[in-house]
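Residue numbers (our numbering): 1 to 436.
Yeah, the Cβ is synthetic: ideal placement off N, Cα and C, and Gly gets one too.
Everything on this sheet refers to the single structure shown next.
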């Protein structure tokens, strides 16, 4: 059944005509087989700029990674013949009777500590606090030598108390300017990197930069051993060993004992302190948060600048006229698909109450108020000889199933018909040419 609100007059809207011949205008359909959206080729052509940009960034990142990995391969490794390796140093020490052992863990390095052993730590800043404490307890009082290359603040605090890095210095040939025997015999050597401020007693300081040494020999207070700090590892590189007095200085510092443990710290060391590992945010440069906030603000301002301005809604007549019956049927199908019997029933009752109010002379505001509509309806029905309890019909509960909804629609339609004034139907006039 068509709800009481459906009219036969056409209304304009955005819904195309769904019947055959009932709409006043037809919507032109796209040709059969024609794609409704952009083709794959069109999408690829539109995205070619983005794809090319991503490809360039990927190739640049790959090339940079390969270049950086090539620079770091074999760094200070006594087995590497690369320019920044240290195979030449190790071979010279072996020719002089020094046994060279490569270690990659704190445990095996600490176990080798002794009066006849020199322990060389190539990258002391990679050691965590636990590893530094273990190495310090193993070498302190052992009578051996501990050599630290380019030690920073964290490493010197534990492994070389009384010494701290103060400034950076360029690696260049420097005079020893100290009375230490090893420095006097080596003469000029290429040193730099970190320069140190020394407050420990009996420390020998050599090769200064702006008054601060780049080589420090710190005697052990509890034994005959000592700790040597080199501000830069350059004298040990294969391509720098033959320069100036580098070879003499390195051989004296590393060859004073019969055994040399060449310690290459590794992140895979079981003794590494996992709690000190840095996160991605820790690796970002300082001020990244402010930069991100500025970028977000710029994005918001750009969006406000380029966004479409939304004005008030404007009614626009479309070139398609749709009958009210078609829109009613479409809404009814939506109600049926979603099982919205309560909304459908309320829509039918609302339309019926509005029609009844017009027939009974009730104001539109009182059409949906039982106290105003029902007395007027009861008076009209009693005048025509009909008695009906209209309260559950007009203001009752939603129907429980589709059949009850159909019965409700029929009952409402019948109620509106019974309330309408009955007018006699005039008989048809018959002429000689037939009924008119």
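Asked	Found
Under 8 Å by Cβ, that's how I've got residue 169 and residue 193 pegged, so tell me the actual separation to the nearest angstrom.	6 Å
Put residue 287 into one of helix, strand or coil per three-state DSSP.	coil
Check residue 314 in the structure and name its three-state DSSP category.	coil
Roughly how many whole angstroms lie between the Cα atoms of residue 59 and residue 50?	14 Å
Hey, could you find the ends of the beta strand (DSSP E) residue 195 is sitting in?	189-198
Nearest to residue 226 by CA position, among 141, 95 and 287, is which residue?	141
In terms of residue numbering, what span does the beta strand (DSSP E) encompassing residue 320 cover?	Residue 320 -> no beta strand (DSSP E), and no H or E assigned at all.
Any idea what DSSP makes of residue 371, helix, strand or coil?	helix
How many angstroms separate the CA atom of residue 157 from the CA atom of residue 214?	17 Å
Could you check the C-alpha separation between residue 365 and residue 321 for me, to the nearest Å?	31 Å
How big is the Cα-Cα spacing for residue 420 and residue 359?	7 Å
Would you call the stretch 256-273 and the stretch 100-109 in contact, with 3 or more CB pairs under 8 Å?	yes
For residue 246, count the other beta carbons within 10 Å of its own beta carbon; 16 or more makes it buried, fewer makes it exposed. Which is it?	buried
Could you check the C-alpha separation between residue 356 and residue 395 for me, to the nearest Å?	13 Å
Determine the DSSP secondary structure at residue 165, reduced to helix, strand or coil.	strand
Roughly how many whole angstroms lie between the Cα atoms of residue 164 and residue 175?	22 Å
Helix, strand or coil for residue 376, going by three-state DSSP, please let me know.	helix
Where do the ends of the beta strand (DSSP E) carrying residue 272 lie?	First-last for residue 272: undefined, no H or E at that position.
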